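Numbering (our numbering), first residue to last: -6 to 398.
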């Protein structure tokens, strides 16, 4: 249901207020970046904030455009209120212009750092595209028809052209990145270097993913083409077989001559049909070989996965034993050191104190015997842990406990 004129004006007015508040909020965000430095850390923080503002600017620009169209329409429908409507629109466009100027002034104030800011913006944009491209190439759609196979191959070829188009952007971004990070060892530059290394890995992975997907789609297309041609040939053979099996024998000499001529013409068409059948048989053999290759590859991948799971299980078990040993060794070492402190240095001065010291010493011996078993068990676990993947760490703790004992 459409809005009446007062309702439209009220709605547009609220929209104007919301859009104006939105723009002023973004202007404050831009102005808040003045305190950021022009080094890599400051420019990185600036780029993070400005990238969000730039995304919002596109939405705000569309909103201002819609409000402008609605205001012109309302002004035409209500001439008596046109001045007020246009004044409101002018106010919005002034705030919009102020937002744009604030962004430009901030970018101009960067000076030499603007190159770094531009590089970070280009890097973020390229990484976003790379992620989208990998997602597109990683599609697991398998064509069920020839038309689908053709469509998916065409889409995949479009992605190849897009990758080629972005090749210059990748090389340019990588070259600037090497220049920016050369000789730098602070945390921000090291983090940037990691981003660039991830960019290299992602770019190479995208190429491999595209080739693998292209191989799969090409084989799927060949299979669908084989199915189509096989059905066509089967139909032709079925028709020819039916025609031959239902041919009546001629009853006259002219009829016999005509039948022979017709059969000779039929035999002539068989040569072309035979070539097509042999071609399909060869294609079928090739597809069988491909299916066998896929099967072997799948078996190998499954075996690799099982091996990886087994290796991971062993590593996790070894890690558990190692950390359990660390925990027990710390507790045992603490108890041994505590018992060392409890060992009395003096003997009894009289009968009562001597008896008390004897009782204390007997209890101490019991505790030491129990602790001896604990030290032995911990040492044995340390020996097991020392044979694990992190053997260099277990021996030290075991040595500490044994030395303290």
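All residues carry an ideal CB built from backbone N, CA and C; glycine is no exception. Model, not experiment: these values are computed from the prediction.
Using the beta-carbon count (16 or more within 10 Å), is residue i buried or exposed?
{"i": "residue 353", "result": "exposed"}
{"i": "residue 112", "result": "buried"}
{"i": "residue 274", "result": "exposed"}
{"i": "residue 309", "result": "exposed"}
{"i": "residue 99", "result": "buried"}
{"i": "residue 184", "result": "exposed"}
{"i": "residue 23", "result": "buried"}
{"i": "residue 119", "result": "buried"}
{"i": "residue 78", "result": "buried"}
{"i": "residue 81", "result": "buried"}
{"i": "residue 126", "result": "buried"}
{"i": "residue 168", "result": "exposed"}
{"i": "residue 325", "result": "buried"}
{"i": "residue 157", "result": "exposed"}
{"i": "residue 140", "result": "exposed"}
{"i": "residue 251", "result": "exposed"}
{"i": "residue 137", "result": "exposed"}
{"i": "residue 57", "result": "buried"}
Measuring alpha carbon to alpha carbon, tell me which residue in the options is nearest residue i.
{"i": "residue 116", "options": "90, 170, 85 and 82", "result": "170"}
{"i": "residue 212", "options": "96, 62, 142 and 257", "result": "142"}
{"i": "residue 95", "options": "156, 73 and 21", "result": "21"}
{"i": "residue 108", "options": "44, 154, 152 and 173", "result": "173"}
{"i": "residue 241", "options": "253, 230 and 176", "result": "253"}
{"i": "residue 164", "options": "197, 228, 147 and 26", "result": "197"}
{"i": "residue 278", "options": "61, 66, 149 and 215", "result": "215"}
{"i": "residue 162", "options": "182, 144, 123 and 151", "result": "123"}
{"i": "residue 159", "options": "179, 239 and 200", "result": "200"}
Within a Cβ cutoff of 8 Å, which residues of the same chain sit near residue i, ignoring the five residues on either side of it in sequence?
{"i": "residue 10", "result": "none"}
{"i": "residue 19", "result": "46, 49, 50, 53 and 92"}
{"i": "residue 291", "result": "Any reading at residue 291 is ruled out, since the residue's pLDDT is 49, under 50, leaving its predicted position unreliable."}
{"i": "residue 121", "result": "none"}
{"i": "residue 83", "result": "none"}
Per DSSP, what kind of secondary structure is residue i in: helix, strand or coil?
{"i": "residue 175", "result": "coil"}
{"i": "residue 131", "result": "coil"}
{"i": "residue 182", "result": "helix"}
{"i": "residue 242", "result": "coil"}
{"i": "residue 136", "result": "coil"}
{"i": "residue 149", "result": "helix"}
{"i": "residue 320", "result": "helix"}
{"i": "residue 71", "result": "coil"}
{"i": "residue 291", "result": "Any reading at residue 291 needs caution, since the residue's pLDDT is 49, under 50, leaving its predicted position unreliable; the model's value is listed next. Residue state, collapsed to three classes: helix."}
Cutting at 7 Å between CB atoms, please list the residues of its own chain near residue i, excluding the five before and the five after it.
{"i": "residue 16", "result": "53, 88, 89 and 92"}
{"i": "residue 223", "result": "273"}
{"i": "residue 270", "result": "226"}
{"i": "residue 68", "result": "75, 78 and 79"}
{"i": "residue 42", "result": "22 and 26"}
Excluding sequence positions up to five away, which residues of its chain have a Cβ less than 6 Å from the Cβ of residue i?
{"i": "residue 202", "result": "130"}
{"i": "residue 221", "result": "139"}
{"i": "residue 166", "result": "115, 116 and 119"}
Using 7 Å as the cut-off, classify the Cβ of residue i as near or not near the heavy atoms of the ligand ADP, replying yes or no.
{"i": "residue 306", "result": "This structure lacks the ligand ADP; in fact it carries no ligand of any kind."}
Validate contact between the segment 205 to 215 and the segment 128 to 141 using beta carbons, cut 8 Å, 3 pairs: Touching, per the Cβ criterion.
Does the segment 245 to 261 come into contact with the segment 189 to 203, if we say contact requires no fewer than three beta-carbon pairs (one atom in each stretch) closer than 8 Å? They do not touch, by the three-pair rule.
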